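Enquirer:
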Amino acid sequence: MRILIIFILVLSCSNFQQTEKTKTVARVNSIFLYQSDLENEINAELSDEDSVVTSRSIINKWAIKNLVYSQSLLYLHDSIQKNLTKMVDNYKLQLWTNTYRNLLSKSNINNKIDSLEKIEYYEKNKKNFKLKEDFYKVAYLILPENNNNLKLIASRFRNFSDSDLFFLDSLSYQFNDFLLNKPVWLNKNNLAKKIPLLNFFDNDFNLKKRDFFVYKDSLQVYLLKVFDYKQYNTSAPFEIVEANIEKILINRKKLYFLKNFDKEILDDAIQTKKLEIFP
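Positions 57 to 335 (this note's numbering) are the ones given, in order, by the sequence shown.
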């Protein structure tokens with residue numbers, strides 16, 4: 057008997073929770089809005105008062121949409137409704153098929169692109185990759201102004217041999233910021249964010265004229281070494297466009313896979329009589 061009572065209580069609580077979640081809060085004709093729909097839209101951290109205001113706003117918006125939709129079914133011309141239905145059907149078809157094709161391509165394509173393949177594509181299409189601004193291949197060190205090893209660090213950084221880099225790496229804990237072992241390409245704006253050269257040199261100054269710079273302010277010392285320079289509208293270095301080339305090659309793989317998939321599914325449908333094309 058006791059077990060039966062407990063079972064009834066548990067069942068009642070479960071039904072109560074389910075009823076709360078399926079509680080109707082509004083109706084427009086035969087369309088219902090439920091409590092669970094509101095809960096998904098309302099931030100749990102809101103106060104009771106704000107929750108009431110937000111709930112009423114959601115209900116009003118939902119009601120207006122559905123009331124206007126109901127009226128549109130009455131007053132829009134049949135030809136317009138047929139066109140709209142066709143657009144909805146086409147959109148659904150496109151959404152489903154595109155989602156499925158994307159999932160297929162992701163699960164069947166190896167996104168790893170060989171470096172030689174990327175370089176080969178770059179060499180064949182180099183003229184299509186034009187720089188939209190000046191770029192500089194640089195390394196830099198930023199260290200406190202009162203660093204005791206400043207002269208030695210500056211000398212070793214300027215030489216930039218393997219032994220110098222090994223030495224500098226051992227002192228990296230003294231640096232506020234650094235880009236050392238592998239010089240990278242930066243445009244002038246991004247370079248200025250790291251090294252405030254534009255405040256140090258006049259506006260006519262061009263970084264390609266020298267390869268080593270030291271700039272000091274009240275807090276830090278900035279060491280900059282320029283290895284290469286590429287001007288606006290010239291062919292972009294491979295390193296700058298490598299990521300973009302990889303995307304192009306992956307997309308090319310995807311298109312090739314989907315083209316073959318379309319052919320296979322069409323041939324199979326004809327062979328299995330799922331598709332018939334009538335004369």
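Backbone N, C-alpha and C define an ideal beta-carbon position, used for all residues, glycine too.
Bear in mind the structure is a predicted one, so any value in this text is a computation, not a measurement.
1) Could you give the distance in angstroms between the alpha-carbon of residue 181 and the alpha-carbon of residue 203?
2) If you check the beta carbons only, do residue 291 and residue 186 fall under 8 Å apart?
3) Please report the straight-line C-alpha distance between residue 136 and residue 126, rounded to a whole angstrom.
4) How many Å lie between residue 324 and residue 317 at the Cα?
5) Measure how close the beta-carbons of residue 107 and residue 98 come, nearest whole angstrom, since I'm counting them as under 8 Å.
6) Using 10 angstroms around the beta-carbon of residue 251, count the other beta-carbons present and answer buried if the total reaches 16, otherwise exposed.
7) Quick one: give me the first and last residue of the alpha helix (DSSP H) that residue 325 is part of.
8) So, with DSSP's three-state summary, where would you put residue 63?
9) Please classify residue 190 as buried or exposed, where buried requires at least 16 other C-beta atoms within 10 Å of its C-beta.
10) So for residue 290, helix, strand or coil by DSSP?
11) Compare the Cα-Cα distances from residue 219 to each of 236, 231, 169 and 232 and report the closest residue.
12) Give the DSSP-derived three-state secondary structure of residue 251 in the structure shown.
13) Pull up the DSSP beta-bridge partners for residue 80, would you.
14) Indicate the three-state DSSP secondary structure (helix, strand or coil) for residue 130 in the structure shown.
15) Going by Cα to Cα distance, which pick from 294, 201 and 148 is closest to residue 176?
16) Assuming residue 239 contacts residue 194 under a Cβ cut-off of 8 Å, what Cβ separation, rounded to an integer in Å, is found between them?
17) Specify the secondary structure class of residue 145 as computed by DSSP and reduced to three states.
18) For the pair the region 147 to 155 and the region 294 to 312, tell me if three or more CB-CB distances fall below 8 Å.
19) Taking only the alpha-carbon atoms, compute the straight-line gap between residue 209 and residue 315 and give it to the nearest angstrom.
20) Mind pulling the alpha helix (DSSP H) runs of 4 or more residues that sit fully within the region 178 to 243?
21) What do you reckon, are the CB atoms on residue 268 and residue 212 nearer than 8 Å?
22) Three-state secondary structure (DSSP) at residue 106?
23) Just reading off the beta strand (DSSP E) that residue 269 is part of, what are its end residues?
24) According to DSSP, residue 284 sits in a beta bridge with which residue or residues?
25) Let me confirm a value: residue 281 is counted as buried when at least 16 other C-beta atoms fall within 10 Å, else exposed. Which label applies?
Expert: The structure says:
1) Rounded to the nearest angstrom, the two C-alpha atoms are 47 Å apart.
2) With a cutoff of 8 Å on beta-carbon distance, residue 291 and residue 186 are scored as near each other.
3) Whole-angstrom Cα-Cα distance: 15 Å.
4) Whole-angstrom Cα-Cα distance: 10 Å.
5) Contact flag correct, Cβ pair sits at about 6 Å.
6) By the C-beta density criterion, residue 251 is buried, having at least 16 other C-beta atoms within 10 angstroms.
7) Counting along the chain, the unbroken alpha helix (DSSP H) around residue 325 starts and ends at 294 to 327.
8) Summary for residue 63: the model assigns pLDDT 37, below 50, so the residue's position carries little reliability, and this model does not support an answer.
9) With 16 or more Cβ atoms within 10 Å of its Cβ, residue 190 is classed as buried.
10) Three-state DSSP puts residue 290 in coil, outside helix and strand.
11) Residue 236 is the option with its Cα nearest to residue 219.
12) DSSP places residue 251 in coil when its eight states are reduced to three.
13) According to the DSSP secondary-structure assignment, residue 80 is paired through a beta bridge with 90.
14) In the three-state scheme derived from DSSP, where H, G and I count as helix and E and B as strand, residue 130 is classed as helix.
15) From the listed residues 294, 201 and 148, the smallest Cα separation to residue 176 is found for 294.
16) That pair is a contact at about 6 Å.
17) For residue 145, the three-state secondary structure derived from DSSP is helix.
18) As far as the Cβ criterion goes, the region 147 to 155 does not touch the region 294 to 312, which means the pair count is below three.
19) Computed Cα separation, rounded: 58 Å.
20) Listed in chain order, they are 206 to 215 and 218 to 226.
21) No, these two residues do not count as a Cβ contact at 8 Å.
22) Helix at residue 106.
23) According to the DSSP assignment, residue 269 belongs to the beta strand (DSSP E) that extends over 268 to 272.
24) Answer is 193.
25) Of the other Cβ atoms in all chains shown, 16 or more fall within 10 Å of the Cβ of residue 281; this residue is therefore buried.
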